[in-house]
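Mapping of the sequence shown onto this note's numbering: residues 15 to 263, in sequence order.
All remarks here apply to the structure that follows.
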Amino acid sequence: MHNGYELDKVFNIKANLLSNCFEPDVWDEIIRLNKEGKGIPQILKDNGTDLIMYAETNNYLPFDGNILHIFEANSFHPQIPALDYPNIYYHGYWINKKWLNAHKDTIYKELAFPPLPTKASKEYANKILNTPSVAVHVRRGDYVTLGWNMPMDYYSQAIYKFYQSYQNFVLYVFSDDIEWCRQNSTNLGFSYASDVVYVEGNTNGNNYIDLQLMSMCEGIVMSNSAFCYLAALLDKRLKVHITPTNREV
15 MHNGYELDKV FNIKANLLSN CFEPDVWDEI IRLNKEGKGI PQILKDNGTD
65 LIMYAETNNY LPFDGNILHI FEANSFHPQI PALDYPNIYY HGYWINKKWL
115 NAHKDTIYKE LAFPPLPTKA SKEYANKILN TPSVAVHVRR GDYVTLGWNM
165 PMDYYSQAIY KFYQSYQNFV LYVFSDDIEW CRQNSTNLGF SYASDVVYVE
215 GNTNGNNYID LQLMSMCEGI VMSNSAFCYL AALLDKRLKV HITPTNREV
């Protein structure tokens, strides 16, 4: 969606991709049809593939095949990987910590970050690991256009909770709009921290380094983004986190 498919680049995971099941010209045609508004499950079904859709949300493109279930988004249903159907198309986000807990050993082994590649990122990491570190993730970009961005008072109140409990901590700011964060630092509550570090330079394919550095912090103020949620899930040092749906330290 944003930086391309990165499991192989970042984690060296050679996943069994759907695109590998087709000749390049066939896959290009599937993508063309998808961009024109036809769902991939429907394209596959129209071309003779026997499949069902298993969906946790109802925001999929039209599909006239069998839709097995639709239930509350981001819920946990451990039985679904073992469903006895020849081809299943899973539609949803599947964001629930119980998935991590159920497969923790495999996930921590496979989602192991590579060594940090730049001098700047190593310096950030060294400081994070040697200070009482709290990360704050401010998602802007397309969220602003969509109206999904969190209000500034959410961040201010969350950071204040850290101040009440810990007082002396260094705040590490991660964002796709660092300049906006600088300009609005007071309203965002950054002044509650004893020091503020704006993490910069991880763009143009190196965005995962922000994820990696966030996963080293002892505390995280999360946005409503899967990016920082994954950082929290992979953070073995994490002591406290605040989310938009659970604003307590």
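Just so it is clear, CB atoms sit at the ideal spot from N, CA and C, and this is done for glycine as well.
Bear in mind the structure is a predicted one, so any value in this text is a computation, not a measurement.
Q) From this set, Pro146, Trp108, Leu125, which residue's C-alpha is nearest valine 24's C-alpha? A) Locating residue 24 in the sequence shown gives position 10, where the first residue counts as 1. Nearest C-alpha to valine 24: Leu125.
Q: Using alpha carbons as the reference points, say which of Gln56, Ile57, Asn238, Asp42 lies closest to valine 158.
A: Taking the sequence shown and counting its residues from 1, the one referred to as residue 158 is at position 144. Of the residues Gln56, Ile57, Asn238, Asp42, the one whose Cα lies closest to the Cα of valine 158 is Asn238.
**Q.** DSSP bridge partner residues for aspartate 209 (one or two, in chain order)
**A.** Translated into positions along the sequence shown, residue 209 becomes position 195. Residue pairing by DSSP puts aspartate 209 in a beta bridge opposite Val184.
Q. What are the uninterrupted segments assigned as beta strand (DSSP E) that are 3 or more residues long and contained completely in the region 91 to 115, given in chain order?
A. The region 91 to 115 contains, as complete beta strand (DSSP E) runs of 3+ residues, the segments 102 to 105 (chain order).
Q. Which residues bound the alpha helix (DSSP H) around serine 147?
A. Your numbering for residue 147 matches position 133 in the sequence shown. Per DSSP, serine 147 is not a residue of any alpha helix (DSSP H); the beta strand (DSSP E) it occupies stretches across 147 to 152.
Q.
Taking the alpha-carbon of asparagine 163 as reference, which of Trp194, Met67, Gly18 has the nearest alpha-carbon?
A. Against the sequence shown, residue 163 aligns to sequence position 149. Considering only alpha carbons, the answer is Trp194.
Q: State the DSSP-derived secondary structure class of threonine 120, mapped to helix, strand or coil.
A: If you number the sequence shown from 1, residue 120 lands on position 106. Here threonine 120 sits in helix by DSSP.
Q | Own chain, CB closer than 7 Å to alanine 116, minus 5 neighbours either side, in chain order | A | Start at 1 with the first residue of the sequence shown, and residue 116 comes out as number 102. Pro92.
Q. Could you check where the beta strand (DSSP E) with alanine 69 kicks off and where it finishes?
A. On the sequence shown, position 55 is the one that residue 69 refers to. First-last of the beta strand (DSSP E) with alanine 69: 66 to 69.
Q: Within the same chain, show all residues whose beta-carbon is closer than 7 Å to that of glycine 79, passing over the 5 residues directly before and after it, in chain order.
A: Taking the sequence shown and counting its residues from 1, one reaches residue 79 at position 65. Within the same chain, glycine 79 has close Cβ partners Pro55, Lys59, Leu65, Ile66, Met67.
**Q.** At least 3 beta-carbon pairs within less than 8 Å: the region 229 to 238 vs the region 211 to 221
**A.** As far as the Cβ criterion goes, the region 229 to 238 does not touch the region 211 to 221, which means the pair count is below three.
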